[in-house]
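Undergrad: Here it is, the structure in full.
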DNA sequence: TGCATCCACGCTGTATACAACAATGAGACT
DNA sequence: AGTCTCATTGTTGTATACAGCGTGGATGCA
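This is the structure we're talking about:
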């Protein structure tokens with residue numbers, strides 16, 4: 118049986134499964150900011166022991182998705198407005214640089230694919246949150262993966278993961294601006310104008326910043 | 118005895134001790150890039166069990182100081198030239214921004230203290246590596262801690278930790294340039310000229326970049 | 001009723017035992 | 001001699017047991 122299972126598909130380790138399951142739950146808001154992550158309970162749910170579960174939690178802590186205080190359960194990180202704005206400020210600087218570096222390095226085909234996904238968004242009648250995120254990811258990964266700097270890419274990945282923990286409410290109101298700004302980035306990328314790409318990407322981050330301030334303040 | 122030990126000083130957890138001990142050893146080059154970190158051996162050396170030791174290793178992995186491949190021991194991260202240059206590129210962008218943000222936020226007293234430490238360096242006759250690093254830290258922390266953006270500060274902390282794993286050889290040749298460039302940053306900070314601070318900090322990062330390329334290539 | 005104290009429970013932190021896997025070297029066969 | 005196989009050994013991955021700490025609620029008292 119174990120042999121069959123192994124042939125079936127490469128079975129990931131217990132801690133890897135736990136890590137995946139928890140990130141999914143956190144991203145999907147099944148687990149919400151401030152929720153307590155009781156080790157024994159979670160381990161039982163996933164059918165593993167506490168040891169690999171703790172390993173997963175520690176990795177998540179390093180990735181900034183959960184926080185811990187000694188002798189108390191881990192909790193899902195609560196990203197407040199200040200955290201969010203500070204992360205956006207870093208993204209404004211770093212993503213602009215990454216996008217400029219990626220100019221001329223990403224294939225036209227990939228750019229066009231992203232544009233197609235983006236334009237298909239507005240046709241969707243019941244506004245689809247999942248599709249919105251997927252397109253957002255496609256655009257941003259275009260230059261994050263394509264910037265040629267693995268260190269930069271890793272940092273941006275984590276930053277985007279944590280900013281996502283914040284920006285849910287009023288997301289529908291971002292549909293229009295996001296699409297406009299993403300298109301501007303893609304157009305500049307197509308044109309191969311690194312400086313325009315930098316400006317467009319920074320403007321996008323600043324737009325998110327302003328939006329959050331307006332909503333909250 | 119345990120009671121006395123507890124009263125003596127707040128006893129940190131076993132995993133915290135292991136984390137501290139390992140970071141110290143790695144930074145001091147007692148453990149060098151590529152060295153295998155065998156859990157059982159290390160745990161015995163530190164007088165703890167493997168469980169908290171693994172916790173420390175997992176934290177270190179998140180901080181980028183060690184790397185792991187499944188079913189094999191952790192190894193101290195080997196920072197090659199490409200890693201180093203990519204990290205420097207990120208630092209060029211982010212530290213320049215942090216320094217500009219810190220302008221006007223850091224006290225004149227702190228700036229002057231850093232300047233004093235810096236100037237004292239060249240009086241030291243037997244060139245002192247430790248003193249060099251201490252001064253370097255003092256200057257950079259000035260604006261990293263003072264930039265008012267905790268997210269940015271955390272990223273820069275980790276980046277500096279990993280770049281340190283590389284830049285040892287020929288360090289003595291950096292004494293002159295480092296001092297000049299650090300002084301330029303401090304002067305601009307004193308003058309409260311954010312744009313000059315940004316330029317000086319970016320120039321410093323580029324100087325390190327060029328130095329590494331010249332040495333290696 | 002309000003408040004302080006204390007006990008009991010649950011959770012985390014650590015140690016230890018065991019299973020699974022990888023690397024290494026000896027030995028046998030060609 | 002060379003190579004393939006296989007057992008052995010050491011290491012990681014996981015489970016489990018237990019100790020220590022924190023928390024909340026019950027209880028007693030004013």
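Protein chains in written order, with our numbering: chain X, 118 to 334; chain C, 118 to 334. All C-beta atoms in this analysis are idealised placements derived from N, C-alpha and C, irrespective of residue type, glycine included.
1) Return the chain-ordered ranges of every beta strand (DSSP E) run that is complete within the region 181-207 of chain C and spans a minimum of 3 residues.
2) Closer than 7 Å between beta carbons: that is the criterion. Which residues of the region 262-279 of chain C meet it against chain X?
3) Does residue 318 (chain C) get closer than 9 Å to chain X when you measure Cβ to Cβ?
4) Below 8 Å on the Cβ atoms is my contact criterion, and I expect residue 166 (chain X) with residue 160 (chain X) to pass it. Report the Cβ-Cβ distance as a whole number of Å.
5) With a 10 Å radius around its C-beta and 16 neighbouring C-beta atoms as the bar for buried, classify residue 137 (chain X) as buried or exposed.
6) Please state if the CB of residue 213 (chain X) and the CB of residue 301 (chain X) are separated by a distance shorter than 9 Å.
7) Specify whether the region 191-210 of chain X and the region 142-154 of chain X touch according to this definition: at least 3 beta carbon pairs, one from each stretch, less than 8 Å apart.
8) Let's test the definition: count the other Cβ atoms within 10 Å of the Cβ of residue 118 (chain X) and tell me whether it reaches 16, buried, or not, exposed.
9) What is the DSSP secondary structure of residue 148 (chain X), counted as helix, strand or coil?
10) Just how far apart, CA to CA, sit residue 237 (chain X) and residue 317 (chain X)?
11) Can you pull the DSSP bridge partners for residue 153 (chain X)?
12) Counting Cβ pairs, one atom from each stretch, are 3 or more of them under 8 Å apart for the region 195-208 of chain C and the region 275-294 of chain C?
13) Taking the C-alpha atoms as reference points, what is the distance between residue 150 (chain X) and residue 247 (chain X)?
14) Can you tell me whether residue 125 (chain X) is buried or exposed? The criterion is at least 16 other CB atoms within 10 Å of its CB, across all chains shown.
15) Within the same chain, show all residues whose beta-carbon is closer than 6 Å to that of residue 291 (chain X), passing over the 5 residues directly before and after it, in chain order.
16) So, residue 268 (chain C) versus residue 204 (chain X), is the Cβ gap smaller than 9 Å?
17) Would DSSP call residue 326 (chain X) helix, strand or coil?
18) List, in order along the chain, the chain C residues whose C-beta lies closer than 9 Å to that of residue 207 (chain X)?
19) Below 9 Å on C-beta distance, what does residue 200 (chain X) contact in chain C?
20) Please list the partners that residue 179 (chain C) has in chain X, where partner means a Cβ-to-Cβ separation under 8 Å.
21) Does DSSP put residue 129 (chain C) in a helix, in a strand, or in coil?
22) Less than 6 Å between C-beta atoms, sequence neighbours within five positions excluded: which residues of the same chain meet that for residue 325 (chain X)?
23) Measure the alpha-carbon distance for residue 188 (chain C) versus residue 132 (chain X) and round it to whole angstroms.
24) So that I know if they touch, is there some Cβ in chain C lying closer than 9 Å to that of residue 324 (chain X)?
25) Report the residue from C:198, C:218, C:249, C:158 whose alpha carbon sits nearest the alpha carbon of residue 309 (chain C).
26) Could you tell me whether any Cβ in chain X is nearer than 9 Å to the Cβ of residue 203 (chain C)?
27) Grab me the residues of residue 178 (chain X)'s own chain with a C-beta within less than 8 Å of its C-beta, minus the 5 sequence neighbours each way, in chain order.
TA: With the given structure in hand:
1) 191-193
2) 266, 267, 268, 269, 272
3) no
4) 6 Å
5) exposed
6) no
7) yes
8) Residue placement at residue 118 (chain X) is flagged as unreliable, the pLDDT there being 34, under the threshold of 50; a coordinate-derived value is accordingly withheld.
9) coil
10) 21 Å
11) X:192
12) yes
13) 20 Å
14) In this prediction, residue 125 (chain X) has a pLDDT of 43, which is less than 50 and means its spatial position is unreliable; nothing more can be read from the coordinates.
15) none
16) yes
17) helix
18) 211, 214, 266, 268, 269, 272
19) 267, 268
20) 175, 176, 178, 179, 180
21) coil
22) 205
23) 13 Å
24) no
25) C:218
26) yes
27) 184, 185, 191
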